[in-house]
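Novice: So that we are looking at the same thing, I have put the structure below in structure tokens.
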Amino acid sequence: MKESRETSILIIYTGGTIGMVHDPVTGSLIPIDFKHITDHVPELGKLGFNLQSVTFDPVRDSSNIDPDMWVKMAEIIEENYDRYDGFVVLHGTDTMAYSASALSFMLENLRKPVILTGSQLPIGLLRTDGRENLITAIEIAAATDNGLAIVPEVCIYFDNELTRGNRTTKFSAEHFDAFNSPNYPALAEVGLHLKYNYNLIRYTDPEKNLVVHRSFDTNVAILKLFPGIGRNLVQAVTGTKDLKGLIIETFGSGNAPTYRWFLEEIKSFIARGGIIFNVTQCHGGSVEMGLYETSREMLAAGVVSGRDITSEASVTKLMHLLGTCRSRDEVIKCLGRSLAGEIT
Ligand code: ASP
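Those letters in the sequence shown? Residues 4 to 347, by this note's numbering.
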């Protein structure tokens, strides 16, 4: 149990570039021992918080983070929920938006901040962006107003911007400004001051306890449309053994070819019990099924609109619902509504 009223933050290091330093002997990049994090970021000592850490064994490049790892992150948070005021998850940037989305669906009634961050350059390098990202993520995880967390959500903090995790997407493999939230404004902007946009932050009912959902069904696929797509490809995907849910990344506001064969394949997959979720391949904006003839027939066939959801949130939401809901109808109903602020 917490022994003093000191603010306590748990850092969960899963892997990724941020936790790398040069091995003094070999010169190659190796993971940091977070027990000695203040040797690398002495500024952390000045925050005046009780900082503890848990490190994944082995640490993972985020390309190797999978649903089992999401469950592990959620369980660490659950086990330590009463002991800490907030959580900072250090994660590789490549799949950070997937993990943040998954956690947002897993941690129902969350009342403490879970802030994911990472960096484009290892923390052991002089020009690293990791130091600022880590320090500010901790400050946000610790921030309270009248004893309550200011941002009790799963968020990504990166390069001076705090965004809702399930609204965020990685868009640059080069710049420090690697993430953005195309369809929902930042929850906080960081300059000289930390400015929280209180009216955009989601606050759950304080009477409700944390519920952790652990089941994911990975029998899903994403099919990105392109001009010239052939029936054999669509058939190969929809015919995948045990496939239950298919995300079709459509053009513009949710449009797809009106070829007879394309609609036949869609209808046949739905008739076999499959669920199709229509998500736009545009970076921003929303699916509006029925706006054009090219989406009207999909709507009539029973395709569900993903509205303004990100691709990362759509696939994690679909896996979560297929793993959690009792019926196909329930999955379809929940896909269309916001569970954790992921759609407008
Ligand atoms: N490949 C790394 C990862 O996602 C990149 C990073 O950490 O930014 O784990």
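The beta-carbon is built from N, C-alpha and C at its ideal position, and this holds for glycine as well.
Less than 7 Å separating the Cβ of Q55 from some heavy atom of the ligand ASP?
Specialist: Not so, every heavy atom of the ligand ASP lies at least 7 Å from the Cβ.
Novice: Measuring straight from C-alpha to C-alpha, what distance separates L93 and V223?
Specialist: Each residue's alpha carbon lies about 27 Å from the other.
Novice: Determine the contact status of V282 and E252, defining contact as a CB-CB distance below 8 Å.
Specialist: Yes, the Cβ-Cβ distance between V282 and E252 is below 8 Å.
Novice: With G133 as the anchor, note down where its beta strand (DSSP E) starts and where it stops.
Specialist: It is not in any beta strand (DSSP E) - G133 instead sits in the alpha helix (DSSP H) that spans 133–145.
Novice: What does DSSP give as the partner residues of D148 in its beta bridges?
Specialist: D148 pairs with L151.
Novice: Got a sec? Which residues, its chain only, sit under 6 Å from R234 by beta carbon, not counting five neighbours each side?
Specialist: Excluding sequence neighbours, R234 sits near W264.
Novice: Tell me whether the stretch 116–131 and the stretch 144–159 touch, counting them as touching only if at least three CB pairs, one residue from each stretch, are closer than 8 Å.
Specialist: These segments touch.
Novice: So for N169, helix, strand or coil by DSSP?
Specialist: Helix, per DSSP.
Novice: Can you tell which of A316, S184, I12, P209 has the C-alpha that lies nearest to the C-alpha of L174?
Specialist: One detail in the question is off: residue 174 reads as Phe in this sequence, not Leu. Answer by Cα proximity: S184.
Novice: Name the DSSP bridge partner or partners of K247?
Specialist: Paired residues: none, contrary to the question.
Novice: Should A77 and R217 be called a contact, given that it needs their Cβ atoms to be closer than 8 Å?
Specialist: Yes. Within cutoff.
Novice: Less than 7 Å between the CB of S66 and some heavy atom of the ligand ASP, yes or no?
Specialist: Checking every heavy atom of the ligand ASP against the Cβ of S66, one is found closer than 7 Å.
Novice: What does the Cβ neighbour count give for G168, buried or exposed, with the cut at 16 atoms within 10 Å?
Specialist: Buried: at least 16 other Cβ atoms inside 10 Å.
Novice: Where are the alpha helix (DSSP H) runs, 4 residues long or more, that stay fully inside the stretch 225–305, in chain order?
Specialist: Runs of the alpha helix (DSSP H) inside the stretch 225–305: 234–241, 263–274, 296–304.
Novice: Rounding to the nearest angstrom, what Cα-Cα distance links K5 and L113 in this structure?
Specialist: Confidence at K5 is low in this model, with a pLDDT of 45, below 50, so its placement is unreliable and the value that follows should be read with caution. Each residue's alpha carbon lies about 19 Å from the other.
Novice: Report the three-state DSSP secondary structure of I35 (helix, strand or coil).
Specialist: Three-state DSSP puts I35 in coil, outside helix and strand.
Novice: Assuming the contact rule is C-beta atoms closer than 8 Å, S313 and R170 should be a hit. Round their C-beta distance to whole Å, please.
Specialist: Correcting the residue identity first, residue 313 is Thr in this sequence and not Ser. With 8 Å as the limit, T313 and R170 qualify as a contact, their Cβ atoms being about 6 Å apart.
Novice: DSSP three-state call for L3: helix, strand or coil?
Specialist: An answer regarding residue 3 cannot be provided, because it is not within the stretch 4 to 347 covered by the chain.
Novice: Report the three-state DSSP secondary structure of H94 (helix, strand or coil).
Specialist: H94: coil per DSSP, three-state reduction.
Novice: How about I269 and R310: are their beta carbons less than 8 Å apart?
Specialist: Not in contact: I269 and R310 (Cβ atoms no closer than 8 Å).
Novice: Whose C-alpha, out of P125, V318, E315, V306, is nearest the C-alpha of I335?
Specialist: For I335, the nearest C-alpha among the options comes from V306.
Novice: State buried or exposed for R134, treating a residue as buried only when at least 16 other CB atoms are found within 10 Å of its CB.
Specialist: R134 should be labelled buried.
Novice: Flag this pair as touching only if the stretch 39–55 and the stretch 63–77 have three or more C-beta atom pairs under 8 Å; answer yes or no.
Specialist: In short, these stretches do not touch, since the Cβ pair count stays below three.
Novice: In the DSSP assignment, find the alpha helix (DSSP H) that holds E78 and state where it starts and stops.
Specialist: From DSSP, the alpha helix (DSSP H) with E78 extends over 70–82.
Novice: Which residue's Cα is closest to the Cα of T297: N258, I279, G326, Q284?
Specialist: Selected option, being the one with the closest Cα: N258.
Novice: Kindly indicate which three-state DSSP category N186 falls into: helix, strand or coil?
Specialist: The answer is coil: DSSP assigns N186 none of H, G, I, E or B.
Novice: Check the C-beta distance from A145 over to I12 and give it rounded, since I have them as a contact under 8 Å.
Specialist: Their Cβ separation, rounded to whole angstroms, is 6 Å, which keeps A145 and I12 in contact under 8 Å.
Novice: With the cut-off set at 8 Å, would you say K197 and I143 are in Cβ contact?
Specialist: The amino acid at residue 197 is misidentified as Lys; the sequence shows Leu. Yes; because the gap between Cβ atoms is below 8 Å, this pair is in contact.
Novice: If you check the beta carbons only, do F219 and G326 fall under 8 Å apart?
Specialist: It is a contact, given that the beta carbons lie within the stated cut-off.
Novice: Would you say the beta carbon of Q238 is closer than 7 Å to some non-hydrogen atom of the ligand ASP?
Specialist: It does not: the Cβ of Q238 is nowhere closer than 7 Å to a heavy atom of the ligand ASP.
Novice: Take I278 as the anchor and find which of T96, G150, L246 has the nearest alpha-carbon.
Specialist: Selected option, being the one with the closest Cα: L246.
Novice: Compute the Euclidean distance between the alpha carbons of G248 and M99, then round it to the nearest angstrom.
Specialist: Approximately 22 Å between the Cα atoms of the pair.
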